[in-house]
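Written below as structure tokens is the structure these notes are about.
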Amino acid sequence: MNGWLLAATVVLGGGLGATLWGVATGPLRRRVVAQNLSTAPACTGLILLAQGYDRPAYVDLALVLALLGPVGTLVFARLLTDELADDPPRARGVTWAAAALAAAVVLALCVAVGPSRATAKLLLVGALLIGGNVIASRALSGGIAGVRGG
Amino acid sequence: MADAVIVVALLLVAGSATVAVLVRDPVRQALVLAVLGVVLAVLFTAVQAPDVALSQLAVGGALTPLLLLLAVRKVKRRKGRER
Amino acid sequence: MNPRTRLGLVAVGGTGLAVLLVAASLRLPDFGGDSHPYGDRAVRESLARHTANTIASVNFDQRAFDTLGEMTILFAAVVGCVVLLRQTRDEHRARPEPADVAPPVRRYALIVLPIALATGLYVIAHGQLSPGGGFQGGVVAATALHLLSLGADYRALERIRPVGLYEVGDAVSASAYVVTGLAGLVGGTAFLANTLLPYGTFNTLSSGGTVPLLNAAVGMEVACAVVVLLARFLDQAVEIEEESGK
Amino acid sequence: MTDVLPYLVAVWIFLVGCYGLATSRNLIHAVGCLSVCQSATYVLLLAVGYRDGATAPVFSDLEPGARPVVDPVVQALALTDVVVGATVTALLLALVIQVSKRHGTVDPDELSELRG
């Protein structure tokens with residue numbers, strides 16, 4: 511009974527299930543926020559899976575997701591400014607909650623893995639994920655104003 | 057225990073694929089396809105295929121939505137002026 | 251063919267297909283079964299050639315000729331896009347005015363851009379060791395390059411991304427793959443055969459004979475292809491407009 | 002149940018994608034449905050190659066032979082398929098842009114009424 515896999519199942523099932531429901535229904539404003547929030551539980555789940563399967567090589571996946579997830583959201587923020595201009599998305603609370611969950615899981619894993627190169631990589635993934643999520647939600651809520659050009 | 061992750065990921069993939077098809081507006085569909093890309097990457101990791109998960113992340117997460125949105129913007133820019 | 255009859259046709263055809271597919275999948279071997287003859291041989295062959303990532307060995311060593319085919323499909327798709335999305339006579343380029351981006355977003359783009367590029371190149375370079383390879387690393391690197399256009403604005407991207415260079419890079423790396431294959435012929439063995447270079451010590455950057463070379467060629471080709479694709483799409487969506495302003 | 006579920010999920014995704022493709026009223030939406038159909042093939046391919054309790058055949062952090070491994074051949078097929086699928090999607094979107102330029106519409110029904 512691998513605790514990490516159980517935690518991964520809960521985080522993935524709950525987090526991605528909620529973001530899928532968020533992206534499927536409701537106004538465009540909420541769907542964009544839900545897409546942005548789909549990166550945090552997925553990245554956290556990937557790190558937990560890497561620990562659960564005892565394969566440190568899988569952390570590269572979480573690293574690439576932590577990098578490209580916010581880029582995907584920046585794409586939406588940049589190209590949908592006209593549609594989002596009327597009611598910009600407000601997602602302070604949820605973004606910080608997702609970031610806090612990610613931080614908690616990364617710290618727990620660092621304790622479990624112990625001081626080594628893998629821990630440094632885990633911390634890098636955590637920092638990129640939290641920074642990316644916060645910046646992306648900032649860009650969504652009017653960070654890129656008045657874009658006519660590219 | 058490993059099967060639980062696979063079953064959850066499979067149900068998520070089936071759900072997001074169905075939503076991606078039922079959503080008729082291309083912009084909203086691009087959003088759902090981005091989530092579908094991430095969920096597929098999680099399923100591929102659960103089925104022990106990290107290489108495929110990595111390429112799905114890069115392609116499905118950022119590239120396909122960007123291409124879809126640029127196409128929508130080009131088509132909307134043309135149609136916008138005719139009315 | 252009004253939508254009603256078309257929906258009926260889709261329903262009939264779909265149900266028939268569904269019945270056949272479900273019947274087929276019920277007769278497939280159980281999920282998670284233990285008989286994988288090809289897999290075991292591929293792993294043994296990959297370990298014999300000291301390639302740590304068996305998938306890279308299958309892609310660039312045992313099935314290198316098929317990967318050549320897939321790479322030409324990719325190249326043909328990019329050429330198709332370049333031809334289709336060219337600026338026609340009755341269109342002109344309207345310079346987009348610079349977008350005003352919030353400082354934190356601009357700082358984030360400038361900080362993460364080098365990290366993402368380094369990760370893309372790391373994924374390509376360690377293709378035959380850890381999970382990754384030419385295909386994935388190329389896409390990661392190309393998408394990272396466009397982070398600048400998202401964070402700053404399109405003109406900043408155009409300054410550092412001369413499209414002509416990437417089109418040449420696309421062609422050069424595609425031919426580099428073929429030339430590496432021809433080197434096998436010149437060396438007296440088969441086309442794309444992995445018998446020229448020593449296999450090196452296991453799990454090191456230089457292990458696997460020609461796998462790292464083919465990996466790097468495909469990585470560069472995919473990166474250039476995606477940059478050219480996005481460049482054409484961005485030009486169409488952002489700059490090119492019809493003559494009458496339509 | 003779980004020994005046939007992945008295959009059924011792959012079949013379901015393929016059928017849903019085909020339904021979306023057939024009944025779509027916007028060509029860009031149809032291209033999205035096509036990429037959903039393609040992802041069904043990845044799910045089926047990788048489900049065929051899975052082995053219970055096995056791990057990925059990537060030996061950068063694993064002693065060869067220490068643990069059972071899944072089938073790498075299907076992974077190599079799915080890997081290249083994902084990237085080639087993306088470029089084919091781009092080519093299709095380029096065609097849709099051309100259709101919208103020449104005919105002014107991306108609704109397949111309106112298109113079929115325009116003769117030439």
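Chains A, B, C and D, in that order, give the protein sequences. The first sequence begins at 511 in the working numbering and counts up one residue at a time. The second sequence begins at 57 in the working numbering and counts up one residue at a time. The third sequence begins at 251 in the working numbering and counts up one residue at a time. The fourth sequence begins at 2 in the working numbering and counts up one residue at a time. Note that beta-carbon positions come from the ideal geometry of N, C-alpha and C, so glycine has one too.
Going by DSSP in three states, residue i sits in which element: helix, strand or coil?
| i | result |
| --- | --- |
| residue 103 of chain D | helix |
| residue 343 of chain C | strand |
| residue 549 of chain A | helix |
| residue 59 of chain D | strand |
| residue 204 of chain C | In the structure displayed, chain C extends from 251 to 496; residue 204 of chain C sits before or after that span and is not available. |
| residue 64 of chain D | coil |
| residue 411 of chain C | coil |
| residue 600 of chain A | coil |
| residue 576 of chain C | The displayed coordinates of chain C run from 251 to 496. Any statement about residue 576 of chain C would go beyond what the structure contains. |
| residue 5 of chain D | coil |
| residue 103 of chain B | coil |
| residue 496 of chain C | No answer about residue 496 of chain C holds up, because its pLDDT of 42 lies below 50 and its placement is not dependable. |
| residue 444 of chain C | coil |
| residue 83 of chain D | helix |
| residue 313 of chain C | coil |
| residue 468 of chain C | helix |
| residue 627 of chain A | helix |
| residue 256 of chain C | helix |
| residue 52 of chain D | strand |
| residue 643 of chain A | helix |
| residue 63 of chain B | helix |
| residue 79 of chain B | coil |
| residue 282 of chain C | strand |
On the premise that residue j lies in contact with residue i, defined as a C-beta separation below 8 Å, what is that separation, rounded to the nearest angstrom?
| i | j | result |
| --- | --- | --- |
| residue 390 of chain C | residue 366 of chain C | 7 Å |
| residue 608 of chain A | residue 550 of chain A | 4 Å |
| residue 113 of chain D | residue 73 of chain B | About 27 Å separates the two Cβ atoms, so there is no contact after all. |
| residue 640 of chain A | residue 355 of chain C | Not really, about 15 Å apart at Cβ, beyond 8 Å. |
| residue 128 of chain B | residue 83 of chain B | 6 Å |
| residue 123 of chain B | residue 91 of chain D | 5 Å |
Whose Cβ in chain A lies nearer than 8 Å to the Cβ of residue i?
| i | result |
| --- | --- |
| residue 40 of chain D | Correct list: empty, because the minimum Cβ distance to chain A is about 15 Å. |
| residue 382 of chain C | 570 |
What residues of chain B sit near residue i, judged by a beta carbon separation below 9 Å?
| i | result |
| --- | --- |
| residue 549 of chain A | 94 and 117 |
| residue 26 of chain D | 80 |
For residue i and residue j, I'd like the C-alpha separation in whole angstroms.
| i | j | result |
| --- | --- | --- |
| residue 566 of chain A | residue 18 of chain D | 35 Å |
| residue 29 of chain D | residue 133 of chain B | 14 Å |
| residue 392 of chain C | residue 273 of chain C | 43 Å |
| residue 282 of chain C | residue 521 of chain A | 24 Å |
| residue 60 of chain B | residue 519 of chain A | 7 Å |
| residue 301 of chain C | residue 604 of chain A | 45 Å |
| residue 446 of chain C | residue 96 of chain B | 38 Å |
| residue 546 of chain A | residue 115 of chain B | 17 Å |
| residue 411 of chain C | residue 478 of chain C | 10 Å |
| residue 20 of chain D | residue 459 of chain C | 47 Å |
| residue 592 of chain A | residue 86 of chain B | 16 Å |
| residue 490 of chain C | residue 333 of chain C | 15 Å |
| residue 310 of chain C | residue 482 of chain C | 30 Å |
| residue 340 of chain C | residue 102 of chain D | 11 Å |
| residue 265 of chain C | residue 488 of chain C | 43 Å |
| residue 75 of chain D | residue 88 of chain D | 21 Å |
| residue 369 of chain C | residue 89 of chain B | 24 Å |
| residue 649 of chain A | residue 587 of chain A | 6 Å |
| residue 45 of chain D | residue 580 of chain A | 29 Å |
Run down chain A in chain order and give the residues with a C-beta less than 7 Å from the C-beta of residue i.
| i | result |
| --- | --- |
| residue 90 of chain B | 545 and 582 |
| residue 366 of chain C | 577 |
| residue 108 of chain B | Residues of chain A passing the Cβ test: none, with the nearest at roughly 10 Å. |
So which residues on chain A does residue i lean against when the C-beta distance must stay under 9 Å?
| i | result |
| --- | --- |
| residue 114 of chain B | 574 and 578 |
| residue 412 of chain C | Under the 9 Å cutoff, chain A gives no residues; its nearest Cβ is about 16 Å from residue 412 of chain C. |
Given that residue i touches chain C, what residues does it touch there, using C-beta distances under 9 Å?
| i | result |
| --- | --- |
| residue 56 of chain D | Result: empty, since nearest Cβ-Cβ is about 12 Å, beyond 9 Å. |
At a CB-CB cut-off below 8 Å, which residues of chain B make contact with residue i?
| i | result |
| --- | --- |
| residue 555 of chain A | 98 |
For residue i, return the contacting residues in chain C, with the cut-off set at a CB-CB distance below 7 Å.
| i | result |
| --- | --- |
| residue 129 of chain B | 487 |
| residue 640 of chain A | Within 7 Å Cβ-Cβ: nothing; residue 640 of chain A doesn't reach chain C, min ~12 Å. |
Taking Cβ-Cβ distances shorter than 7 Å, what residues in chain B pair up with residue i?
| i | result |
| --- | --- |
| residue 519 of chain A | 60, 61 and 64 |
| residue 30 of chain D | 80, 82 and 85 |
Could you list which residues in chain D have their beta carbon closer than 9 Å to that of residue i, in chain order?
| i | result |
| --- | --- |
| residue 305 of chain C | 57, 58, 59, 73, 74, 76, 77 and 80 |
Run through chain D and tell me which residues come within less than 7 Å of residue i, C-beta to C-beta.
| i | result |
| --- | --- |
| residue 407 of chain C | None at all; the shortest Cβ gap to chain D is about 18 Å. |
| residue 223 of chain B | Shown here, chain B extends from 57 to 139; a query on residue 223 of chain B therefore has no answer. |
| residue 288 of chain C | 72 and 74 |
query = Given a limit of 9 Å on CB to CB distance, which residues of the segment 82 to 96 of chain D reach chain A?
reply = none
message = What are the residues in the segment 559 to 570 of chain A lying within 8 Å of chain C by C-beta distance?
response = 567, 568 and 570
query = Between the segment 7 to 22 of chain D and chain C, which residues of the former have a C-beta closer than 8 Å to a C-beta of the latter?
reply = 7, 8, 9, 11, 12, 15, 16, 19 and 20
ask   = In the segment 48 to 80 of chain D, which residues sit with their C-beta less than 8 Å from some C-beta in chain A, listed in chain order?
value = 56, 57, 59, 61, 62 and 63
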